[in-house]
Structures are given as C-alpha cells and as structure tokens.
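Undergrad:
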Amino acid sequence: MHYIKFDSFGIEVTDYLLDDNWLVIDASLATKEEFDKFKDFHLQHHLTNENLLNFTLDDTSYCGSLGAYTYDIEYNIRLYVSTIPFKESLSEESVFSFNLQKVLENHEQRLTAITKILKRNNLLSEDEALDLLPYLPIDHFIFAMHRQVPNLNKYLLDTHSTLEELRKK
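Letter 16 of the sequence shown, counting from 1, is numbered 16 in the working numbering, and no numbers are missing.
Here it is, written out as structure tokens:
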C-alpha cells in the first residue's frame with residue numbers, strides 16, 4: 001500500500017503510475033466521511049490560483065496540481081495529478097498556466113461567427129457547414145473536475161485505462 005500526503009490531507013493509494021508529468025492514482029476510501037474530506041480538499045485546491053501543492057508519495061517529494069477524478073459509489077477513486085518531482089516548490093513566476101475551457105469557448109464563438117458570415121455571403125454551403133458540426137459546441141463533460149460512474153473498475157476496463165493498460169502504452 002502506498003500513501004500520498006499533502007500538507008493537511010492524506011490518503012492511502014492502492015496503486016499509481018508516474019507518467020511523464022502526471023501521476024495517475026487509484027485509491028479506495030473506506031467511508032463516506034473520508035470521501036467527503038477528499039472531495040472538500042479537492043474542491044478547495046483545484047479552483048484557486050494557488051493550485052500548486054507540495055506533497056509526498058512513498059517518501060518522494062513532488063509539487064503539482066490536482067486534476068480531475070472519477071469515483072464510484074464504493075468510494076474508489078481515479079485521481080490525476082500534474083507533477084514535477086523535485087525538492088522545492090516552483091515559484092509562481094516559473095509556472096505558465098491558462099484556462100483551456102475559456103480558450104476553447106473563445107474558439108467555438110469565433111468558428112460559429114465565421115461559419116454564419118460565410119453562409120450569409122454564400123461562400124459556404126449548408127453541407128459544408130454541416131462538416132463543422134462535430135466541432136461545435138465544445139464538450140463541457142471533458143472539463144468536469146469529477147464524475148461518478150456506477151463501477152470504477154468496470155469503467156476503467158471499458159475505457160482501456162486501467163493502470164496495467166496505461167503502463168503498456
């Protein structure tokens with residue numbers, strides 16, 4: 001069993017994979033209270049500008065930010081954490097970040113406006129405009145910071161994203 005420890009919070013980790021700058025963590029929380037503490041911690045720390053956290057996993061120090069997590073009714077969790085292994089925190093000046101959701105929404109608005117102008121000026125046929133539909137609107141589900149599935153193990157098997165499969169890739 002492994003253990004991930006943040007400044008004020010920690011959980012037992014069933015298994016994990018360090019993949020480039022991502023930690024993919026599988027954990028199983030014992031009670032609803034434990035899950036609620038995790039959920040509150042995640043909510044508090046992923047929505048702030050100070051989203052970089054120092055933490056340890058198996059006595060190795062990291063700094064990173066919390067990503068999305070998927071869970072089931074038995075409080076099994078798959079958590080993604082962006083990370084860089086090192087001994088000290090990065091300064092805010094050395095980290096580049098942007099809001100991907102806002103960038104994509106801006107592109108969606110631009111593409112919609114351009115499509116309307118081209119159709120209005122008969123420079124784009126209705127069939128050609130239909131070719132753009134798969135790109136509009138953006139899928140907001142991909143930006144959900146958490147999602148519940150009926151059974152996490154089955155979900156990971158169905159989506160070919162078990163840690164074993166990810167290790168093979």
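Ideal Cβ placement from N, Cα and C applies to all residues, glycine included.
Between D72 and V149, how many whole angstroms is the CB-CB distance? I'm expecting something under 8 Å.
TA: If you number the sequence shown from 1, residue 72 lands on position 72. If you number the sequence shown from 1, residue 149 lands on position 149. Contact holds; Cβ gap of about 6 Å.
Undergrad: Is the region 30-37 in contact with the region 103-115, if contact means three or more CB pairs nearer than 8 Å?
TA: no
Undergrad: Leaving out five residues before and five after L136 in sequence, what residues of the same chain have Cβ atoms less than 7 Å from its Cβ?
TA: Against the sequence shown, residue 136 aligns to sequence position 136. Correct list, in chain order: E108, L111 and T112.
Undergrad: From what residue to what residue does the beta strand (DSSP E) around E12 run?
TA: To locate residue 12, count along the sequence shown from 1; it is residue 12. Residues G10 to D19.
Undergrad: Out of curiosity, what's the CA-to-CA distance linking Y3 and E74?
TA: On the sequence shown, residue 3 is found 3 positions in, with the first residue counted as 1. On the sequence shown, residue 74 is found 74 positions in, with the first residue counted as 1. Roughly 19 Å between the two C-alpha positions.
Undergrad: From the DSSP output, in three-state form, read off A30 for me.
TA: Along the sequence shown, read from residue 1 onward, the residue named residue 30 stands at position 30. In the structure shown, A30 sits in coil (DSSP, three-state: anything other than H, G, I, E or B).
Undergrad: Under 9 Å between the Cβ atoms of R78 and S161?
TA: In the sequence shown, the residue the question calls residue 78 occupies position 78. In the sequence shown, the residue the question calls residue 161 occupies position 161. The Cβ atoms of R78 and S161 lie closer than 9 Å to each other.
Undergrad: Find out if the Cβ-Cβ distance for the pair L23, L29 is shorter than 9 Å.
TA: Stepping through the sequence shown from its first residue, residue 23 is reached at position 23. Stepping through the sequence shown from its first residue, residue 29 is reached at position 29. No, they are not a contact pair.
Undergrad: What did DSSP end up calling K116 once you bin it into helix, strand or coil?
TA: Numbered from 1 along the sequence shown, position 116 holds the residue referred to as residue 116. Three-state result, K116: helix.
Undergrad: Using alpha carbons as the reference points, say which of Q44, Y80, L130 and L66 lies closest to L166.
TA: Looking up residue 166 in the sequence shown gives position 166. Closest by alpha carbon: Y80.
Undergrad: Looking only at DSSP bridge pairs, what is G64 linked to?
TA: Counting from one through the sequence shown, the residue named residue 64 turns up at place 64. In DSSP, G64 forms a bridge with L53 and T83.
Undergrad: Along the beta strand (DSSP E) that carries Y75, what are the first and last residues, could you check?
TA: Counting from 1 along the sequence shown, the entry for residue 75 is found at position 75. First-last for Y75: undefined, no H or E at that position.
Undergrad: For the alpha helix (DSSP H) containing K169, list its first residue and its last residue.
TA: What you label residue 169 is simply residue 169 of the sequence shown in a count that begins at 1. That residue, K169, is in no alpha helix (DSSP H); it is neither H nor E in DSSP.
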